[in-house]
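Asks: Taken in order, the sequence shown gives residues 1 to 279; the numbers are from the UniProt record's numbering.
Virtual Cβ for every residue (Gly too), placed ideally from N, Cα, C.
Bear in mind the structure is a predicted one, so any value in this text is a computation, not a measurement.
Can you keep this structure in mind? I'll have questions shortly.
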Amino acid sequence: MTYYMFLLGGLHLVRLKAALARYAGVTEDEVDISVPDDMERNWQAAVLCTYEPADGDITWSLDIYLRDVDRGDEALAEQLARGLGEPVLYSAQNLPPSAHWLVEADGSRTRARVYEADDEVEALTLTIDAVERPVAALPNVRVEVQPEVIRHHRMTTPVVDGLRMLLADEAEDPAYRDALWEVLNGLVAWEAMTVRMASGWPPDGWYPFEYWQEDLGYRDSLAVDIGKLPHEVAETLNAAVGMFDEDFRAGTAEISGVSPEKAWWWHRAPEPPPWIRKA
């Protein structure tokens, strides 16, 4: 398994080798650490680590290959941060590409928004735009929440996935293809929100109020758009909406202060509200 890690401090090869050996459960003789062009390295080693200098807010880039161990990026980054005594950065997910995790020497972890330089430069250049909580090694980097990772964290939507297959022929009918597309997209958002609510608001245990209102807006649209479809198709879709509505009711409670002109789902919210983050 190959991992990509980024250092924010100095490169201590002795500590790095010890940390990698400890993580992989091998002797230090079975860890090879080399520069990219070293053709004489021990290619049969249990751990291959290639290092090269980087620029911006990072100092070194590590390309690590573990032959027999695969415990994930988080465990490896924590081992390296503790072993090196300095922060380690790694990519959190494919989307958005800016999403990273930063692990400090004590093993604590925080999200970091990271951008790669667009200019053509020799060394990899990463800029840390923001972190979710203060990091001593980055006193000048702003601290702010990063809701974009929630936007891109896709929830499973098995009911709507099944409906797409069931209504595949109807989706090709030019008479109402566009209307069905709109309804299914809104239904995905409504199912995903109820699944997210029942799952404890992954990935970070909170949900922006703006996103919550967007989801309620999708529910508003469903109430109108389904009526544009043929009766049999509308019945099938309304049955799914009813299922999600029940899940929504089960996870929310009545709230006050909402305009009476708003539909019933605007008059309910989870308790406690997921947009109020715990300290």
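Quick one: is W101 buried, meaning 16 or more other Cβ sit within 10 Å of its Cβ, or exposed?
Replies: As a position in the sequence shown, residue 101 is number 101, starting the count at 1. It counts as buried.
Asks: For G186, which residues from the same chain have a beta carbon less than 6 Å from its beta carbon, with the 5 sequence-adjacent residues on both sides left out?
Replies: Numbered from 1 along the sequence shown, position 186 holds the residue referred to as residue 186. Counting only Cβ-Cβ distances below 6 Å, and skipping sequence neighbours, we find Y218, S221, L222.
Asks: Going by other Cβ atoms of all chains shown within 10 Å of its Cβ, with 16 needed for buried, is F166 buried or exposed?
Replies: Counted from its first residue, the sequence shown places residue 166 at position 166. Here the sequence assigns Leu to residue 166, which means Phe is not the residue at that position. Its Cβ having fewer than 16 others within 10 Å, L166 is exposed.
Asks: Relative to the C-alpha of G97, which candidate in L11, L180, T127, I255 has its C-alpha closest?
Replies: Walking along the sequence shown from the start, residue 97 turns up at place 97. First, the amino acid is wrong: residue 97 is Pro here, not Gly. Nearest option by C-alpha distance: T127.
Asks: Using the three-state DSSP reduction, which class does H231 fall into: helix, strand or coil?
Replies: As a working note, residue 231 is residue 231 in the sequence shown. DSSP places H231 in helix when its eight states are reduced to three.
Asks: Three or more C-beta pairs under 8 Å: does that hold for the segment 67-79 against the segment 11-30?
Replies: Contact between the segment 67-79 and the segment 11-30 is present, because at least three Cβ pairs lie under 8 Å.
Asks: From what residue to what residue does the alpha helix (DSSP H) around M165 run?
Replies: Stepping through the sequence shown from its first residue, residue 165 is reached at position 165. It spans 158-166 - the alpha helix (DSSP H) in which M165 sits, taken as one unbroken run.
Asks: For L48, write down the residues that DSSP places opposite it in a beta bridge.
Replies: As a working note, residue 48 is residue 48 in the sequence shown. L48 pairs with D32, Y65.
Asks: When you compare the CB positions of A81 and V103, do they come within less than 7 Å of one another, or not?
Replies: In the sequence shown, residue 81 corresponds to position 81, counting from 1. In the sequence shown, residue 103 corresponds to position 103, counting from 1. Yes, the pair counts as a contact, with Cβ atoms nearer than the cut-off.
Asks: Among P87, L124, D38, S199, whose alpha-carbon lies nearest the alpha-carbon of T110?
Replies: Within the sequence shown, the letter at position 110 stands for residue 110. Checking every option, the nearest Cα to that of T110 belongs to P87.
Asks: Using the Cα positions of L11 and W60, report the straight-line distance between them to the nearest angstrom.
Replies: The residue labelled residue 11 in the question sits at position 11 within the sequence shown. The residue labelled residue 60 in the question sits at position 60 within the sequence shown. Cα to Cα, the separation comes out at about 7 Å.
Asks: Determine the direct distance from the alpha carbon of I64 to that of T194, and round the result to whole angstroms.
Replies: One-based indexing of the sequence shown puts residue 194 at position 194. One-based indexing of the sequence shown puts residue 64 at position 64. Their Cα atoms are separated by approximately 39 Å.
Asks: Say whether the segment 171-184 touches the segment 220-239, bearing in mind that this needs 3 or more beta-carbon pairs closer than 8 Å, one atom from each stretch.
Replies: Verdict: yes, contact present.
Asks: According to DSSP, is I73 helix, strand or coil?
Replies: By one-based count along the sequence shown, residue 73 stands at place 73. Here residue 73 is Asp; the residue named in the question, Ile, does not match the sequence. It is helical.
Asks: Determine the extent of the alpha helix (DSSP H) in which I150 is found, giving its start and end residues.
Replies: For the purposes of this step, residue 150 is taken as the residue at position 150 of the sequence shown. That run of the alpha helix (DSSP H) goes 148-151.
Asks: From this set, L124, W265, W201, which residue's C-alpha is nearest W275's C-alpha?
Replies: Translated into positions along the sequence shown, residue 275 becomes position 275. Nearest C-alpha to W275: W201.
Asks: How many Å lie between G257 and W212 at the Cα?
Replies: For the purposes of this step, residue 257 is taken as the residue at position 257 of the sequence shown. For the purposes of this step, residue 212 is taken as the residue at position 212 of the sequence shown. Rounded to the nearest angstrom, the two C-alpha atoms are 16 Å apart.
Asks: Quickly, what does DSSP pair H100 with across the bridge? List them, please.
Replies: In the sequence shown, residue 100 corresponds to position 100, counting from 1. Beta-bridge pairing links H100 to S91, A112.
Asks: By the DSSP assignment, the beta strand (DSSP E) with L7 in it spans what residues?
Replies: Counting from 1 along the sequence shown, the entry for residue 7 is found at position 7. Start and end: 2-7.
Asks: With DSSP run on the structure shown, which of helix, strand or coil describes I128?
Replies: The residue labelled residue 128 in the question sits at position 128 within the sequence shown. Three-state DSSP puts I128 in a strand.
Asks: Report the residue from V31, M243, T2 whose alpha carbon sits nearest the alpha carbon of Y90.
Replies: Position 90 of the sequence shown, counting from 1, holds the residue named residue 90. Of the listed residues, the one whose Cα sits closest to Y90 is T2.
Asks: Does G242 come out as helix, strand or coil in the three-state DSSP assignment?
Replies: One-based indexing of the sequence shown puts residue 242 at position 242. Of the three classes helix, strand and coil, the one that applies to G242 here is helix, per DSSP.
Asks: I need the straight-line Cα distance from G107 to G251, nearest angstrom please.
Replies: For the purposes of this step, residue 107 is identified with residue 107 of the sequence shown, where counting begins at 1. For the purposes of this step, residue 251 is identified with residue 251 of the sequence shown, where counting begins at 1. Rounded to whole angstroms, G107 to G251 spans 34 Å at the Cα level.
Asks: Between which two residues does the alpha helix (DSSP H) containing R133 stretch?
Replies: Position 133 of the sequence shown, counting from 1, holds the residue named residue 133. Taken as a continuous stretch (DSSP letters only), R133 belongs to no alpha helix (DSSP H), as it is neither H nor E.
Asks: What number of angstroms, rounded off, separates the C-alpha of D173 from the C-alpha of A239?
Replies: On the sequence shown, position 173 is the one that residue 173 refers to. On the sequence shown, position 239 is the one that residue 239 refers to. Those two C-alpha atoms are separated by around 22 Å.
Asks: Which of helix, strand or coil does DSSP assign to E254?
Replies: The residue given as residue 254 occupies position 254 in the sequence shown. The answer is strand: DSSP assigns E254 an E or B state.
Asks: With C-beta atoms as the reference, is K17 less than 7 Å away from V31?
Replies: Against the sequence shown, residue 17 aligns to sequence position 17. Against the sequence shown, residue 31 aligns to sequence position 31. Going by C-beta atoms, K17 is nearer than 7 Å to V31.
Asks: If distances are taken between C-alpha atoms only, which option among T156, A130, D29 comes closest to E148?
Replies: Sequence index remark: in the sequence shown, residue 148 carries index 148 (1-based). Ranking the options by Cα distance to E148, first place goes to A130.
Asks: Using DSSP's beta-bridge definition, name the partner residues of W60.
Replies: For this step, residue 60 is matched to residue 60 along the sequence shown. L7, P53.
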